[in-house]
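S.K.: Numbering follows full-length UniProt numbering, in which position 143 of the sequence shown is assigned residue number 143; successive positions increment by one, without gaps.
Note that beta-carbon positions come from the ideal geometry of N, C-alpha and C, so glycine has one too.
Here the structure is a predicted model, which means the values were calculated and not measured.
Before we start, here is the structure in question, set down as structure tokens.
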Amino acid sequence: MFPLACIDGYRLPVRQEVYILSILPLIRGPATISSDQKLSLFDPLSLRTGPIRDVVASHGNLTCAAAFDAANAVVCTAGEDGSLSMWDLRLEARQAEVARLTVNDHNDLNNLSTALPVLSLACSSEGFTVVAGTELMNHQASILAWDVRAAPTPKLHYKEVHSDDVTELNFHPRDPNILLSGSTDGLVNIYDTRITDEDEVVIQTFNHDSSIHHAAFLNDTEVYALSHDERLALYDMAEGYEKGAATTDFGDMRSVLGCQYIANISAKANGAGAVIGAGAHDQQAFEMIHLTKGESGWALDRANSVGLPGAHSEEVVRSFCFYDEAQMVFSAGEDGCIKAWRANA
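Spelled out as structure tokens, the structure:
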């Protein structure tokens, strides 16, 4: 394992316990969402000076965020009150909220709308689309999509594709019409959003048989699914594979890697694998392991893993991201800190 050095950091200045929930790697720097209901943007070269932009994301309880346009610092956030906001973090805080949508289920019989708590988001600037996945309410979990040029009415509303909370959403890396979702019902679905009939919109389903924590495309046809009990498997939607069956099943990653949790899995933009973030809080350890594909299939490259010594003390690392050109890694955790890491000179 190759250890990195912590070269910078910032702790949220609050008295109560505050978690940093997620990091988004924007071109201008890492953006975070935290349990004190804030969206913050940091200078990647000066974390210690605090956020260069800090806005309150009023969603009842902030649950998720996604970059709409990473190059121009446009981010979406959503939460438990069924609201969804788009922020332009280039603007001053009071002007930064450039759009606000309501995620609801409209009942035509009594002309009433019920706000739907949002658990997951995905954005495609190429397709001008924002998608939200909801908590199960009234025996129904929804996926809604908006064309941001024609908001506030959703262009799509799927009500029957999952039977439990929609915990993950991601677009295909090259086709903005193809969408992936994961749910606590154990299913990962692939959709062609150009199909208007909900009965026909699912073009592939993978049954992971365990509540989905994270799922995303690895390349044009392969996807990974990670469950809340840390089971990892890979699937392929290409022709020639047994429909819905795992092509590689790694099993419980806690046993495989000797860790206590998986923070997330970050797919490489060029389709050349992914990075798995694995933590052991009682050891104050966090390790990033490459998932690579060779002639014999997918494998974990433990020999070239990267470690964050001390990590976030005994607290869980909730999120990590990397800036390849700057050769820097950023991590955030339940200690309320964001940290920058780099190889020793």
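(1) Determine the direct distance from the alpha carbon of Ala67 to that of Thr292, and round the result to whole angstroms.
(2) Measure from the alpha carbon of Gly279 to the alpha carbon of each residue in Ala122, Asp197, Ile265 and Val201, then state which is nearest.
(3) What span of residues does the beta strand (DSSP E) with Ser183 cover, start to end?
(4) How long is the line joining the alpha carbons of Thr248 and Leu226, rounded to whole angstroms?
(5) Measuring only the C-alpha atoms, how far is Gly182 from Glu97?
(6) Write down the C-beta distance between Gly336 and Val18 rounded to the nearest angstrom, noting that I regard them as a contact closer than 8 Å.
(7) Could you pull out every residue in the same chain whose Cβ sits closer than 6 Å to the Cβ of Gly127, ignoring the five residues on either side in sequence?
(8) Please list, in chain order, all residues of the same chain as Ile203 whose beta carbon is under 7 Å from its beta carbon, the five residues on each side excluded.
(9) Leaving out the 5 sequence neighbours to the left and right, which residues in its chain are closer than 7 Å to Lys268 when beta-carbon positions are compared?
(10) Taking DSSP as the reference, what is the three-state secondary structure of Ala332?
(11) With distances taken between CB atoms, is the gap from Arg28 to Ala93 smaller than 8 Å?
(12) Counting pairs of beta carbons, one from the stretch 44–58 and one from the stretch 79–87, are three or more of them closer than 8 Å?
(13) Does the distance from the C-beta atom of Val103 to that of Leu24 stay below 8 Å?
(14) Just the Cα atoms here: how many angstroms apart are Val317 and Ser22?
(15) Please classify Asp197 as buried or exposed, where buried requires at least 16 other C-beta atoms within 10 Å of its C-beta.
(16) Could you give the first and the last residue of the continuous alpha helix (DSSP H) run that contains Ser120?
(17) Considering only residues of the same chain and omitting the five flanking positions on each side of Met137, which have a CB-CB separation below 8 Å?
(18) Count the other C-beta atoms from every protein chain shown that fall within 10 angstroms of the C-beta of Pro154, then say buried if there are 16 or more, exposed otherwise.
M.R.: According to the structure shown:
(1) Residue 292 sits at position 292 when you count from the first residue of the sequence shown. Residue 67 sits at position 67 when you count from the first residue of the sequence shown. Spanning the two alpha carbons is a distance of roughly 26 Å.
(2) Your numbering for residue 279 matches position 279 in the sequence shown. Ranking the options by Cα distance to Gly279, first place goes to Ile265.
(3) Along the sequence shown, one-based indexing puts residue 183 at 183. Ser183 -> beta strand (DSSP E) spans Ile178 to Ser183.
(4) Here residue 248 corresponds to residue number 248 of the sequence shown, with the count starting at 1. Here residue 226 corresponds to residue number 226 of the sequence shown, with the count starting at 1. Those two C-alpha atoms are separated by around 12 Å.
(5) As a first step, residue 182 must be located in the sequence shown, where it is residue number 182. As a first step, residue 97 must be located in the sequence shown, where it is residue number 97. For Gly182 and Glu97, the distance between alpha carbons rounds to 28 Å.
(6) Here the question's residue 336 lines up with position 336 in the sequence shown. Here the question's residue 18 lines up with position 18 in the sequence shown. Contact flag correct, Cβ pair sits at about 5 Å.
(7) Numbered from its first residue, the sequence shown carries residue 127 at position 127. Cβ within range, chain order: Pro176.
(8) By one-based count along the sequence shown, residue 203 stands at place 203. Here the set comprises Ile190, Tyr191 and Asp192.
(9) Your numbering for residue 268 matches position 268 in the sequence shown. The residues are Ala274.
(10) Counting from 1 along the sequence shown, the entry for residue 332 is found at position 332. Here Ala332 sits in strand by DSSP.
(11) Residue numbering aside, residue 28 sits at position 28 when the sequence shown is read from its first letter. Residue numbering aside, residue 93 sits at position 93 when the sequence shown is read from its first letter. Their beta carbons are not under 8 Å apart, which means Arg28 does not touch Ala93 by this criterion.
(12) yes
(13) Within the sequence shown, residue 103 is the residue found at index 103, counting from 1. Within the sequence shown, residue 24 is the residue found at index 24, counting from 1. No. Outside cutoff.
(14) If you number the sequence shown from 1, residue 317 lands on position 317. If you number the sequence shown from 1, residue 22 lands on position 22. Roughly 10 Å between the two C-alpha positions.
(15) To locate residue 197, count along the sequence shown from 1; it is residue 197. Under this definition Asp197 is an exposed residue.
(16) Looking up residue 120 in the sequence shown gives position 120. Here Ser120 belongs to no alpha helix (DSSP H); instead the beta strand (DSSP E) covers Val118 to Ser124.
(17) Translated into the one-based positions of the sequence shown, residue 137 becomes position 137. Around Met137: Asp105, Thr114, Leu116 and Pro117.
(18) Your numbering for residue 154 matches position 154 in the sequence shown. That one is buried.
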